[in-house]
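In what follows, a structure is listed as structure tokens, so that the remarks can point back to it.
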Amino acid sequence: MTVVCLSAFMPAALLAQKWEYTAAVLEPTESNILHSQGLLTLVSGIASAESFLLAKGGNDAGVMLEWLVDGLGGGGGLGLEGATIAASSWPYLAAVPRSKRRDVLQAPFFGAAAQVTTDTVFISIHGCIRDSVSVGSYFPVSNNTLYLC
Amino acid sequence: MEGPDVGIVQQSVALHFGDHLLISVYVARLFGTASNLKGMLIRHLGLHGSRLQSGVTLSELYSDYTALWKRLLGALGSKVDTCFNAAVTTLCELVAAVDPLPGREPAVQAAISGKVSCSISKSTTSERSILLKDRLFQTIFLKCWLCSTCSSIGP
Numbered sequence: 000m001t002v003v004c005l006s007a008f009m010p011a012a013l014l015a016q017k018w019e020y021t022a023a024v025l026e027p028t029e030s031n032i033l034h035s036q037g038l039l040t041l042v043s044g045i046a047s048a049e050s051f052l053l054a055k056g057g058n059d060a061g062v063m064l065e066w067l068v069d070g071l072g073g074g075g076g077l078g079l080e081g082a083t084i085a086a087s088s089w090p091y092l093a094a095v096p097r098s099k100r101r102d103v104l105q106a107p108f109f110g111a112a113a114q115v116t117t118d119t120v121f122i123s124i125h126g127c128i129r130d131s132v133s134v135g136s137y138f139p140v141s142n143n144t145l146y147l148c
Numbered sequence: 000m001e002g003p004d005v006g007i008v009q010q011s012v013a014l015h016f017g018d019h020l021l022i023s024v025y026v027a028r029l030f031g032t033a034s035n036l037k038g039m040l041i042r043h044l045g046l047h048g049s050r051l052q053s054g055v056t057l058s059e060l061y062s063d064y065t066a067l068w069k070r071l072l073g074a075l076g077s078k079v080d081t082c083f084n085a086a087v088t089t090l091c092e093l094v095a096a097v098d099p100l101p102g103r104e105p106a107v108q109a110a111i112s113g114k115v116s117c118s119i120s121k122s123t124t125s126e127r128s129i130l131l132k133d134r135l136f137q138t139i140f141l142k143c144w145l146c147s148t149c150s151s152i153g154p
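Chains as they are written, first to last, in numbering that gives the first Met the number 0: chain P, 0 to 148; chain F, 0 to 154.
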């Protein structure tokens, strides 16, 4: 039996390319938008086909779903087109029975993901780095407490 | 930079879409011609043309066509737009075609993160051939059954 270890040669994978999606906000050239849109399409496609896998939870699933929430908010420089792509996968995720959903598909996750999204967009637009405390003071979260970085 | 990338597009697109129409549409759009594709695949990947006649699924690509899988994921990081597009289209199609093979879940996980916890063995292939054999036996059995029914009804 030949055993092939695949972890050794992985050159790039979906999550490793997320920086391209984020970069498209800062520099929305045609090529960057195309890459950003392609990646979001793939994320959405995987979430649709493998909704049960994502519902199992874990780190990667969390990043994927955060990415989808971000896309739904028009992130990656995509606006309405991106929101449409991201939205197409939610019905499939919602079809996973409640009993099979782990941590990531529960209500608190979405609040946190939206918060991360707002934060990222703010930082992207203003080009400042997250370590500044003043960044947080602009963003009251849903329960009226100030979000501090 | 552009040379190897173009090769990747040809390989990934051609292997995934067993459907001749799609191959010709994709390759024609990207390169203006669909000729010599089979020869190129055999040369580059050492594959047998006969194996390319039907569509390839995600788990097969992951376990059997490791060279192609590597190139396909590598194409996601490509700066060439056509190459990137082909990689996204191909992966989307592969993921959308849900197959019941045992290698499916690690294949998806590898596409997402590239991190694979367990190593995969070639047994996937043999399990697949068992599946296919089962199906074949079922068909033969059904045919035999139909024949016997027909002959019993007949004169």
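Ideal Cβ positions, reconstructed from N, Cα and C, are used throughout, including at glycine.
* With a cut-off of 8 Å on the beta carbons, I'd call Ser35 (chain P) and Gly73 (chain P) a contact; round off their distance for me. => Contact between Ser35 (chain P) and Gly73 (chain P) does not hold, since the beta-carbon distance rounds to 11 Å and is not under 8 Å.
* **Assigned secondary structure, Arg28 (chain F) (DSSP; H/G/I helix, E/B strand, else coil)** => Caution applies to Arg28 (chain F), whose pLDDT of 35 falls short of 50 and renders its modelled position unreliable; the model cannot decide the point.
* Asked: Going by alpha carbons, who is nearest to Tyr165 (chain F) out of F:Leu75, F:Pro105 and F:Ala96?
  -> With chain F covering only 0 through 154, there is no way to say anything about residue 165 (chain F).
* Closer than 9 Å by beta-carbon distance: list the chain F residues that pair up with Thr21 (chain P), in chain order. => Those do not exist, as Thr21 (chain P) stays about 15 Å from chain F at its closest Cβ, beyond 9 Å.
* Say whether chain P places a C-beta atom closer than 9 Å to the C-beta of Leu100 (chain F). => No, its Cβ sits nowhere closer than 9 Å to a Cβ of chain P.
* For Glu65 (chain P), return the contacting residues in chain F, with the cut-off set at a CB-CB distance below 9 Å. => Within 9 Å Cβ-Cβ: nothing; Glu65 (chain P) doesn't reach chain F, min ~13 Å.
* DSSP state of Ala96 (chain F), grouped into three classes? -> Note: Ala96 (chain F) maps to coil in three-state DSSP.
* **Contact belief for Ala46 (chain P) with Leu38 (chain P) at Cβ below 8 Å, rounded distance in angstroms** => About 13 Å separates the two Cβ atoms, so there is no contact after all.
* Output the distance between the C-alpha atoms of Glu49 (chain P) and Leu79 (chain P), rounded to the nearest integer angstrom. => So the two alpha carbons sit approximately 24 Å from each other.
* Proximal chain F residues relative to Ala48 (chain P), where beta-carbon distance stays under 7 Å -> Chain-ordered, the chain F residues with CB closer than 7 Å to the CB of Ala48 (chain P) read Val94, Ala95 and Val97.
* To do: Determine the chain P residues that contact Glu156 (chain F) at a beta-carbon separation under 7 Å, and present them in chain order.
  => Missing from the structure shown is residue 156 (chain F); chain F here goes from 0 to 154 and no further.
* Is the beta carbon of Leu67 (chain P) less than 9 Å from the beta carbon of Ser88 (chain P)? -> In this structure, Ser88 (chain P) lies closer than 9 Å to Leu67 (chain P) by Cβ.
* To do: Alpha carbon to alpha carbon, how far is Ala111 (chain P) from Ser77 (chain F)? Give it in angstroms, no decimals.
  => Here the alpha carbons of Ala111 (chain P) and Ser77 (chain F) stand approximately 32 Å from one another.
* Asked: In chain order, what residues of the stretch 94-105 of chain P put their CB closer than 9 Å to some CB of chain F?
  -> Nothing from the stretch 94-105 of chain P brings a Cβ to less than 9 Å from some Cβ of chain F.
* Pick from P:Glu26, P:Ser30 and P:Phe51 that is closest to Ala93 (chain P), judged by C-alpha positions -> Of the listed residues, the one whose Cα sits closest to Ala93 (chain P) is P:Phe51.
* Alpha carbon of Val79 (chain F) to alpha carbon of Gly81 (chain P), nearest angstrom -> Spanning the alpha carbons of Val79 (chain F) and Gly81 (chain P) requires a straight line of approximately 21 Å.
* **Proximity to Val115 (chain P) [Cα-Cα], best of P:Gln16, P:Ala12 and P:Thr21** => Relative to the Cα of Val115 (chain P), the nearest Cα in the group P:Gln16, P:Ala12 and P:Thr21 belongs to P:Thr21.
* **Residue range of the alpha helix (DSSP H) that includes Gln108 (chain F)** => The continuous alpha helix (DSSP H) containing Gln108 (chain F) extends over residues Arg103 to Ser112.
* Asked: Along chain P, in chain order, which residues have C-beta atoms closer than 7 Å to that of Ser112 (chain F)?
  -> The CB of Ser112 (chain F) comes closer than 7 Å to the CB of Ala12, Leu14 and Asp59 in chain P, given here in chain order.
* Are there 16 or more other CB atoms within 10 angstroms of the CB of Asp69 (chain P), so buried, or fewer, so exposed? -> Buried, because 16 or more other Cβ atoms sit within 10 Å of the Cβ of Asp69 (chain P).
* To do: Compute the Euclidean distance between the alpha carbons of Thr28 (chain P) and Arg100 (chain P), then round it to the nearest angstrom.
  => Per the coordinates, the alpha-carbon of Thr28 (chain P) lies some 38 Å from the alpha-carbon of Arg100 (chain P).
* Asked: What residues of chain P sit near Leu90 (chain F), judged by a beta carbon separation below 7 Å?
  -> In chain order: Leu41.
* To do: Count the other C-beta atoms from every protein chain shown that fall within 10 angstroms of the C-beta of Leu14 (chain P), then say buried if there are 16 or more, exposed otherwise.
  => Under this definition Leu14 (chain P) is a buried residue.
* With a threshold of 16 other CB atoms inside 10 Å of the CB of Gln105 (chain P), please say whether the residue is buried or exposed. => Exposed is the call here.
* 9 Å Cβ cutoff, Ser141 (chain P) in contact with chain F -> In this prediction, Ser141 (chain P) has a pLDDT of 36, which is less than 50 and means its spatial position is unreliable; what the coordinates show is noted afterwards. No, Ser141 (chain P) does not count as interfacial toward chain F.
* Output the boundary residues of the alpha helix (DSSP H) element that contains Asp59 (chain P). => In this chain, the alpha helix (DSSP H) harbouring Asp59 (chain P) covers Asn58 to Leu71.
* Cα-Cα, which of P:Glu65, P:Ala113, P:Leu77 and P:Gly56 is closest to Val95 (chain P)? -> For the residues P:Glu65, P:Ala113, P:Leu77 and P:Gly56, the minimum Cα distance to Val95 (chain P) belongs to P:Gly56.
* Hey, would you say Ala86 (chain F) sits closer than 9 Å to Leu75 (chain F), going by beta carbons? -> Yes; because the gap between Cβ atoms is below 9 Å, this pair is in contact.
* Asked: Are the C-beta of Gly81 (chain P) and some C-beta of chain F separated by less than 9 Å?
  -> No - not a single Cβ of chain F is within 9 Å of the one on Gly81 (chain P).
* According to the Cβ coordinates, are Ala227 (chain F) and Val94 (chain F) closer than 9 Å? -> Any property of residue 227 (chain F) remains undetermined from this structure, which presents chain F solely from 0 to 154.
* Asked: Can you give the Cα-Cα distance for Ser23 (chain P) and Thr40 (chain P), rounded to whole angstroms?
  -> One point to set straight first is that residue 23 (chain P) is Ala, not Ser, in the sequence displayed. CA-CA distance, Ala23 (chain P) to Thr40 (chain P), rounds to 15 Å.
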